Structures are given as structure tokens and as C-alpha cells.
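Using the working numbering, read the sequence shown as starting at 25 and increasing by one per residue. Idealized CB from N, CA, C, for every residue including glycine. Since this is a predicted model, take the numbers as computed values, not measurements.
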Amino acid sequence: MKDTASNAEATLPIAVIGGGPAGLMAATVLAEAGKCVRLFDAMPSPGCKFLVAGRGGLNLTHSEPIPDFISRYGAWSPLFERFIQKFSPDDLRTFCNRLGIETSIGSSRRVFPSKVSAGTFLDLWMRHLTDLNVVFCPRHRWLCFTQAGAVHFSSLGEYHKDVAQISCAAVLLALGGASWPKTGSDGHWAERLKEHGIQVNAFKPANCGFTVAWSSRFVERHQGSPLKNIAINFAAKRVMGELLITAYGLEGGGIYTLGPLLREAIERDARACLSIDLKPDLSVDTIIRRLSEPRAGHTLSSILRSRLHLSSSAAGLLRERLSAETLNDHSRLASAIKSLDVELLAPRPLDEAISSAGGIDMSEIDETLMLKKLPGVFVAGEMLGWEAPTGGYLLQGAFTTGYVAAKGILERVDGFSTGTLEPRPLIVAPQQYWDAL
Ligand SMILES: Cc1cc2nc3c(=O)[nH]c(=O)nc-3n(C[C@H](O)[C@H](O)[C@H](O)COP(=O)(O)OP(=O)(O)OC[C@H]3O[C@@H](n4cnc5c(N)ncnc54)[C@H](O)[C@@H]3O)c2cc1C
Numbered sequence: 025m026k027d028t029a030s031n032a033e034a035t036l037p038i039a040v041i042g043g044g045p046a047g048l049m050a051a052t053v054l055a056e057a058g059k060c061v062r063l064f065d066a067m068p069s070p071g072c073k074f075l076v077a078g079r080g081g082l083n084l085t086h087s088e089p090i091p092d093f094i095s096r097y098g099a100w101s102p103l104f105e106r107f108i109q110k111f112s113p114d115d116l117r118t119f120c121n122r123l124g125i126e127t128s129i130g131s132s133r134r135v136f137p138s139k140v141s142a143g144t145f146l147d148l149w150m151r152h153l154t155d156l157n158v159v160f161c162p163r164h165r166w167l168c169f170t171q172a173g174a175v176h177f178s179s180l181g182e183y184h185k186d187v188a189q190i191s192c193a194a195v196l197l198a199l200g201g202a203s204w205p206k207t208g209s210d211g212h213w214a215e216r217l218k219e220h221g222i223q224v225n226a227f228k229p230a231n232c233g234f235t236v237a238w239s240s241r242f243v244e245r246h247q248g249s250p251l252k253n254i255a256i257n258f259a260a261k262r263v264m265g266e267l268l269i270t271a272y273g274l275e276g277g278g279i280y281t282l283g284p285l286l287r288e289a290i291e292r293d294a295r296a297c298l299s300i301d302l303k304p305d306l307s308v309d310t311i312i313r314r315l316s317e318p319r320a321g322h323t324l325s326s327i328l329r330s331r332l333h334l335s336s337s338a339a340g341l342l343r344e345r346l347s348a349e350t351l352n353d354h355s356r357l358a359s360a361i362k363s364l365d366v367e368l369l370a371p372r373p374l375d376e377a378i379s380s381a382g383g384i385d386m387s388e389i390d391e392t393l394m395l396k397k398l399p400g401v402f403v404a405g406e407m408l409g410w411e412a413p414t415g416g417y418l419l420q421g422a423f424t425t426g427y428v429a430a431k432g433i434l435e436r437v438d439g440f441s442t443g444t445l446e447p448r449p450l451i452v453a454p455q456q457y458w459d460a461l
């Protein structure tokens with residue numbers, strides 16, 4: 025380890041702060057290019073949110089055609105079009121293979137690691153980084169920059185009184201967004217960057233559930249039930265998908281995709297009215313015809329189930345929203361099945377959301393993901409102000425921006441070694457970190 029320390033002094037190290045997928049990808053690219061990399065994270069171990077994502081199956085990316093893929097980044101699609109050219113979903117799968125991890129495509133064209141858990145994925149990745157001499161410093165919290173891009177760390181626990189300073193060639197901040205703060209991604213960095221005049225937009229919950237004022241009877245009967253094979257219409261957008269009925273309202277991929285529009289409407293009007301098509305494959309006329317066949321003593325529930333193949337949760341939702349009069353009128357019921365209004369009142373809290381919107385305003389970065397106001401400081405991952413729905417677009421966005429930022433750092437650092445750039449910045453770290461080298 026002492027040899028590594030002397031190398032670090034000879035060639036200035038690059039600091040990667042934040043050990044989520046964006047930071048780990050950047051550390052990998054930099055170390056594979058032969059750079060001396062120090063990886064810091066405030067948590068005792070890296071990749072805590074990555075591990076949480078693994079509980080739901082670790083949807084790494086998506087295999088749909090690239091133009092469709094890029095369109096998922098909404099307003100940020102033009103930027104991601106350029107980024108994805110540099111590190112695409114296929115590149116991510118190749119990278120996984122290099123770590124010894126096979127990937128497979130699920131029925132919805134989502135890409136998952138096959139046969140390995142998120143924990144094993146992370147172990148293999150950290151082993152690769154160790155082989156590349158990346159030094160991982162857990163429990164090191166970046167606090168702020170001082171003049172000329174200096175960086176301060178405070179370490180947690182036993183080290184908290186000791187700090188030391190090093191010079192480094194460049195810094196990558198990959199500190200994540202602000203959802204699920206217990207994974208370390210607490211968004212506290214925002215205030216620190218604002219002190220440097222950097223515009224950081226307020227964090228908002230993304231890919232989250234929304235509150236609906238259900239009756240207690242409906243919740244008792246249908247909480248935890250899915251609404252499958254439905255279409256959700258809002259503000260001239262139609263999304264095919266699935267929703268989950270919860271005690272507080274609705275959750276699921278269907279509304280995640282509409283999230284930004286729903287948030288905006290709720291901010292403006294204090295509510296957003298979804299229109300749910302419970303039978304997207306049937307026309308109103310077909311539904312009326314099926315409902316109008318002789319009842320032969322069957323109840324409405326059994327007719328909805330047998331003739332329209334509606335689930336009990338879909339039938340329950342109709343009862344929850346419609347008057348007895350409408351339920352007994354074939355034509356009005358058919359229209360409601362095709363377009364059932366459900367009013368969303370608020371997004372769920374940020375702590376519960378899968379991701380966050382907001383973060384560093386995209387006007388603050390250049391094409392290499394360097395902060396224009398802090399030359400030598402690069403940013404990547406969810407701390408940047410883009411958002412995307414679930415489906416692998418979040419992790420791919422983190423991996424890709426980590427890759428792009430690392431390439432930007434290499435360009436800058438290699439420029440520096442030929443004498444064209446000044447080294448930046450200075451890092452303050454716990455003394456024990458240096459003792460251990
Ligand atoms: C329940 C859940 C399920 C998910 N499932 C999926 C999925 O299947 N597919 C998908 O694409 N996405 C999924 N995501 C989202 C995905 O995990 C995140 O978008 C991704 O982890 C963001 O990566 P990142 O590297 O930008 O940040 P993070 O993974 O959040 O990592 C940031 C790191 O920075 C560290 N840090 C923060 N502040 C400091 C500081 N001041 N000093 C030092 N270190 C600091 C944190 O400890 C953390 O380790 C899921 C998220 C959740 C919560």
C-alpha cells in the first residue's frame with residue numbers, strides 16, 4: 025500500500041466521491057485508463073441504493089430500439105442521445121460480461137443480470153476495482169469546496185476529528201439524488217454546491233405513488249391488488265401498463281411514466297385527474313353489446329368478470345367511482361370502463377420515491393459533465409437534473425453519465441499532464457485514511 029501512496033504523490037490522484045453505479049463506473053473507466061483513483065463514500069459500504077434496487081430484480085437497462093430508449097429521457101433526450109452513443113445499453117451488457125456477469129432480456133425487453141444477485145454483482149465489481157488499485161475510503165463524507173476547488177471531507181464515526189489534505193487532478197461528484205436517504209443519498213450536497221453559485225433545483229419525488237381519497241371499504245377489499253392490462257390517459261398522453269392499489273392511493277409503472285406531468289398538474293391545480301381505460305382492447309360498442317346480452321340471473325360482478333374479463337379489483341374500482349345509476353346503465357357503464365376518472369391528490373413523500381427529480385440544473389454542466397463554475401469538478405448520476413421512468417433507464421443513466429464524466433476527466437487530466445491545465449482541487453480527508461496507505 026505504501027507504494028500506491030508514493031505513486032499517488034507522483035501522479036495526482038483523481039477523487040471519485042459517491043460509490044453508487046455512477047461513481048463506480050467512473051472509477052472503473054479512470055482506473056482502467058491507468059489513473060490513480062480514490063473512491064470515497066459517506067456510507068460504510070458502497071452501492072447501498074444499488075442493493076435496494078436489486079430487491080426488485082435489478083433492472084439494469086432496456087433492450088428496446090435506441091430511438092425509443094432515448095425518448096424515455098423526455099426533455100433531456102437530445103443530451104442523452106449524445107451520451108448513449110458513448111455508452112449504450114449494449115455497452116453496459118458488455119461491461120457486465122467483462123465482470124463475469126451474464127445478462128438476459130425479460131418478456132418486457134427489460135435487461136437483468138442472470139443468475140447473480142445485486143450483492144454478487146457489487147462484490148465482483150469492487151474486486152475488479154481493487155485489482156485496478158482503486159482505493160476505497162468508506163465513511164468519508166464530502167462537505168464542501170474551498171477556493172480553487174478544494175474539497176473537504178468529514179468522516180463519520182471514530183475518524184470524525186481528523187482531516188488531512190491532498191491535491192488531486194480532478195474530482196467526480198456522484199452523490200445521488202434525495203430519495204431513500206437511508207441508502208446514503210440524502211441530497212445534503214445541494215446546499216454546498218449552491219454556495220458556489222451553482223443552480224440546484226429543489227428535489228421532488230419521481231417514480232412514486234400518488235394519494236387518492238379511497239373509501240375505507242375499497243381499501244379493505246382491494247389494497248394490494250393490481251389493475252393489469254390497462255391504459256392510463258392524462259394530458260393527451262396514453263400509457264399502457266399496470267397499477268397497484270394501495271391504502272394511500274395508486275402506485276406502479278403506469279403512473280411513473282406520467283409522473284412529471286402529474287406532479288406539474290398537482291402543483292398547479294392541487295389535483296390531477298387520470299382517465300383509466302380498463303379494457304383497452306375493446307371498443308365502447310363491443311362493451312355495450314356484451315353488457316346488453318340477457319343477464320340470465322347473473323349479478324353485475326359476474327357479468328363484468330365473465331363477459332369482459334375484468335378483475336375483481338377493476339370491478340371494485342368501478343363500484344368505488346360510479347353511482348348505482350351509472351352502474352345500471354349499459355351505455356354509461358361502458359363509457360366509464362373505457363374512461364374512468366380517478367383523482368390524484370399528491371405525490372408520495374420523497375423518502376419513499378424510487379428516484380428524485382431536481383438536482384443540478386443542466387445549464388451548469390458542459391458536454392463532458394464538468395461544472396462550468398468549478399473547473400476540474402465533474403458530476404454524474406442522479407444528482408444531475410434529469411429524470412426518467414423505471415424500466416432500467418435510471419441505472420443506465422447513472423452508468424452512462426459516470427462513463428461520460430470519466431472520459432471528460434481523462435481528457436482534462438491528460439491535457440494537464442501536457443502542461444495546459446492547472447491541477448485541481450485539494451481534498452481534505454481523515455488522517456487515518458493516509459495512515460492506512
Ligand atoms: C427501491 C428502488 C428500486 C430501484 N430499482 C431500480 C431498477 O430496477 N432499475 C433502475 O434503473 N433504477 C432503479 N432504482 C434507481 C437507481 O438505484 C438509482 O437511480 C441509482 O442508484 C442512482 O445512482 P447514482 O450513482 O447516481 O447514485 P446513488 O446510487 O444514490 O449513489 C450515491 C452515493 O453517494 C454517496 N454520498 C452521498 N452524499 C455523499 C457525500 N456528501 N460524501 C460522500 N458520499 C456521499 C451515497 O452514500 C451513495 O453511496 C431504484 C431505486 C430504488 C430506491
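Hey, would you say residue i sits closer than 8 Å to residue j, going by beta carbons?
i           : j           : result
residue 354 : residue 316 : yes
residue 364 : residue 341 : yes
residue 136 : residue 54  : no
residue 69  : residue 201 : no
residue 425 : residue 393 : yes
residue 285 : residue 234 : no
residue 254 : residue 304 : yes
residue 384 : residue 408 : yes
residue 38  : residue 166 : no
residue 395 : residue 338 : no
residue 368 : residue 290 : yes
residue 220 : residue 169 : yes
residue 110 : residue 428 : yes
residue 298 : residue 366 : yes
residue 386 : residue 103 : yes
residue 276 : residue 266 : yes
residue 203 : residue 377 : yes
residue 128 : residue 138 : yes
residue 132 : residue 252 : no
residue 402 : residue 63  : no
residue 153 : residue 51  : yes
residue 388 : residue 222 : yes
residue 250 : residue 375 : no
Terminal residues of the continuous alpha helix (DSSP H) containing residue i?
i           : result
residue 308 : 308-316
residue 324 : 324-332
residue 83  : That residue, residue 83, is in no alpha helix (DSSP H); it is neither H nor E in DSSP.
residue 524 : Residue 524 lies beyond the stretch modelled for the chain, which goes from 25 to 461, so this question has no answer here.
residue 127 : Counting along the chain, residue 127 falls outside any alpha helix (DSSP H), though it belongs to the beta strand (DSSP E) covering 127-129.
residue 111 : Element bounds for residue 111: n/a, residue is neither H nor E.
residue 193 : No alpha helix (DSSP H) contains residue 193, which DSSP labels as neither H nor E.
residue 51  : 45-56
residue 243 : 240-246
Can you tell me where the beta strand (DSSP E) holding residue i begins and where it ends?
i           : result
residue 94  : Element bounds for residue 94: not the beta strand (DSSP E) but the alpha helix (DSSP H), 90-95.
residue 268 : 261-269
residue 63  : 61-64
residue 231 : Here residue 231 belongs to no beta strand (DSSP E), and DSSP marks it neither H nor E.
residue 382 : 379-384
residue 301 : 296-301
residue 135 : 134-137
residue 253 : 250-258
residue 367 : 364-368
residue 401 : 401-403
residue 39  : 38-41
Below 8 Å on the Cβ atoms is my contact criterion, and I expect residue i with residue j to pass it. Report the Cβ-Cβ distance as a whole number of Å.
i           : j           : result
residue 66  : residue 164 : 7 Å
residue 405 : residue 46  : 3 Å
residue 148 : residue 125 : 6 Å
residue 161 : residue 36  : So it is not a contact: roughly 16 Å between Cβ atoms.
residue 436 : residue 400 : 7 Å
residue 332 : residue 319 : Incorrect: roughly 14 Å between the Cβ atoms, too far for contact.
residue 14  : residue 300 : Outside the displayed range of the chain (25 to 461) lies residue 14, so it cannot be described from this structure.
residue 116 : residue 84  : 6 Å
residue 463 : residue 372 : Residue 463 falls outside the range modelled here, since the chain spans only 25 to 461, and no answer is possible.
Any beta-carbon of chain C closer than 8 Å to the one on residue i?
i           : result
residue 343 : Although the question refers to chain C, the structure presented lacks it and comprises just one protein chain.
- prompt: Quick check: the stretch 218-230 against the stretch 62-76, are there 3 or more CB pairs under 8 Å?
  reply: Segments in contact, no.
message: With three or more beta-carbon pairs closer than 8 Å as the criterion, would you say the stretch 248-262 touches the stretch 414-422?
response: Using a C-beta cut-off of 8 Å, the stretch 248-262 makes no contact with the stretch 414-422, since fewer than three inter-stretch Cβ pairs fall below that distance.
- prompt: Counting pairs of Cβ atoms below 8 Å between the stretch 275-283 and the stretch 400-416, do you hit three or more?
  reply: Contact holds: three or more Cβ-Cβ distances are below 8 Å.
message: Under 8 Å: do the stretch 242-252 and the stretch 331-347 share three or more Cβ pairs, one atom per stretch?
response: Three or more Cβ pairs closer than 8 Å define a contact, and the stretch 242-252 meets that threshold against the stretch 331-347.
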